[in-house]
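**Q**
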Amino acid sequence: MNVINKFLIGSVDDATSDVSISVNENDAQLINNMFASFNKSRPNLMILPKFRRNQIWTVRNQYVDFEGELQRSKHKTMVLLITEPEELSEDVSFVRVCPLSPFIDMASSNDVLCNDAALVGFPFIVETWNEQPMLTEILEKYVGDYNCEILESDEILSKDQQTFREIEISNARFLNRSIIAYTNEMERAEKFSFSVDFVSDSKVRTIRMPKLNVQSPTLIPLTGHSEYAMAARSGNMLTDNDCIEIDSVDVPFHIEVRKKNNEYILTIIPKVDVKLSSNGKTLDSRSNDERIVFSGLKQGLYDIESPITTKKITIRLK
2 MNVINKFLIG
12 SVDDATSDVS
22 ISVNENDAQL
32 INNMFASFNK
42 SRPNLMILPK
52 FRRNQIWTVR
62 NQYVDFEGEL
72 QRSKHKTMVL
82 LITEPEELSE
92 DVSFVRVCPL
102 SPFIDMASSN
112 DVLCNDAALV
122 GFPFIVETWN
132 EQPMLTEILE
142 KYVGDYNCEI
152 LESDEILSKD
162 QQTFREIEIS
172 NARFLNRSII
182 AYTNEMERAE
192 KFSFSVDFVS
202 DSKVRTIRMP
212 KLNVQSPTLI
222 PLTGHSEYAM
232 AARSGNMLTD
242 NDCIEIDSVD
252 VPFHIEVRKK
262 NNEYILTIIP
272 KVDVKLSSNG
282 KTLDSRSNDE
292 RIVFSGLKQG
302 LYDIESPITT
312 KKITIRLK
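This is the structure we're talking about:
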C-alpha cells in the first residue's frame, strides 16, 4: 500500500475504523522528514483575529467535547475556513472548513493545490471533498489567509487516491464530533440548571446540577462518567447558592462552580498560586486569605494551571 495511506490509517481512531495496518519505523521517519523539510517558523500574534472565511487555522490536538468526552487527533490538523462563523448560542459558534493535507502526491487533477510553501510551511491540498462543520472553540492558532474557488466536478481517481480520501474523511470525524456532541448535549441541557466537565490526566467526570429553586428536583438516570452534584442527593430545595463541588486525589485544591444570571463563578480553595485561562487568555480574579474567585465566566473550556501540581486540568462550563 502507498506509504502515505499506511501512515494515515495509523492515525485513524480505533472507534471509527476497522482498518489495522502497522507502519514501520522507516515509514514513519519518511513522513516526519516530509514535514521537517518544510519547517517554517510562524510569528506569534498577541491578539488573534476574528474568525472569518478564507482563513487558515490549526486545530487543537485534543479537546473535551460537549458530552464530556476527550477527543484526540494523532496528527496536527490545519483547516481552511470556507464560511463565516454562525452562532449556535450566545457563547458557541460553528464554521464549515476544509482540512489541508501536505500529501500533494495524492492530489487529483481537480484538487485545489497550493505549491507555495511560504504560506503554511509546506505545499498543500485543500480537501474540498472533505468539507466539515466544527465548533470554532477548537480552532487553535491563526496561520494566514488563502483564497480559492471551490468547484465540484466529476473525476477519475486511482485506487490509492480513493483510499487516501476515505482515510482523510474518517480522520475528519475528529472535527465534526465537536458539533455533534454539542447538539446531543443541548437536547439534555433543559433537564439541568448547569453542568461541569472536569478533566484531569485524561480522566473525565461530568457533574450535573438539577433545576434550581424547585421543591423536588427531577433526577433523570445518568450513564457513563456523569454524576449529580452532592446537593442534589439530599432532596432539599436547591437555590442559587448551591454549587457543583469538585475534589480529586489528583488535584491539591477544592473547586466550586456556581451559576448566577447566566454567568458562572469559579472558586478555588484554599488560596494558592493558580492561573485560569481560556483560548490562551489569562483571566483576572479576586481573592482573600482563604480563596480565589473568578467571576463573570461564560460557557466554554477553561484551563487551570498551578505550580503545585503537574496535572493538566481542564473544565467545561455548560
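Take the position in the sequence shown, starting the count at 1, then add 1; the result is the number in the working numbering. Glycine included, C-beta positions come from ideal geometry on N, C-alpha and C.
Whole angstroms are fine: how far does the CA of A182 sit from the CA of F8?
**A** If I take the Cα positions, the gap works out to 28 Å.
**Q** For L302 and V65, what's the separation of their Cα atoms in angstroms?
**A** Cα-Cα distance, rounded: 8 Å.
**Q** Is the CB of C244 under 8 Å away from at least one CB in chain E?
**A** No chain E appears in this structure, which consists of one protein chain only.
**Q** Could you tell me which residues DSSP puts in a beta bridge with Q107?
**A** Per the sequence shown, residue 107 should be read as Met rather than Gln. In DSSP, M107 forms no bridge with anything.
**Q** Give me, in chain order, the residues of the same chain whose beta-carbon lies closer than 6 Å to that of F104; leave out the 5 immediate sequence neighbours on both sides.
**A** The residues are I5.
**Q** Across which residues does DSSP place T84 in a beta bridge pair?
**A** T84 is not bridged to any residue.
**Q** Looking at C-alpha atoms only, which residue of N148, M135, S196 is the closest neighbour of H226?
**A** For the residues N148, M135, S196, the minimum Cα distance to H226 belongs to S196.
**Q** I10 to S102, Cα distance in whole Å?
**A** C-alpha separation (whole angstroms): 14 Å.
**Q** Please report the Cβ distance between R97 and E132, rounded to the nearest whole angstrom; I am assuming they are in contact, meaning their Cβ atoms lie under 8 Å.
**A** About 6 Å; that satisfies the 8 Å criterion.
**Q** Applying the 10 Å Cβ sphere with the 16-neighbour rule, what's the burial state of V252?
**A** Buried, because 16 or more other Cβ atoms sit within 10 Å of the Cβ of V252.
**Q** Check whether the Cβ atoms of C99 and V80 sit closer than 8 Å, and answer yes or no.
**A** A contact, by the Cβ cut-off of 8 Å.
**Q** Indicate the three-state DSSP secondary structure (helix, strand or coil) for R189 in the structure shown.
**A** Three-state DSSP puts R189 in a helix.
**Q** Classify S203 as helix, strand or coil using the three-state DSSP reduction.
**A** In the structure shown, S203 sits in coil (DSSP, three-state: anything other than H, G, I, E or B).
**Q** Nearest to F165 by alpha carbon, out of S288, T184, A108?
**A** Looking at the Cα atoms, A108 is the closest of the given residues.
**Q** From what residue to what residue does the beta strand (DSSP E) around D146 run?
**A** Taken as a continuous stretch (DSSP letters only), the beta strand (DSSP E) holding D146 covers 140-146.
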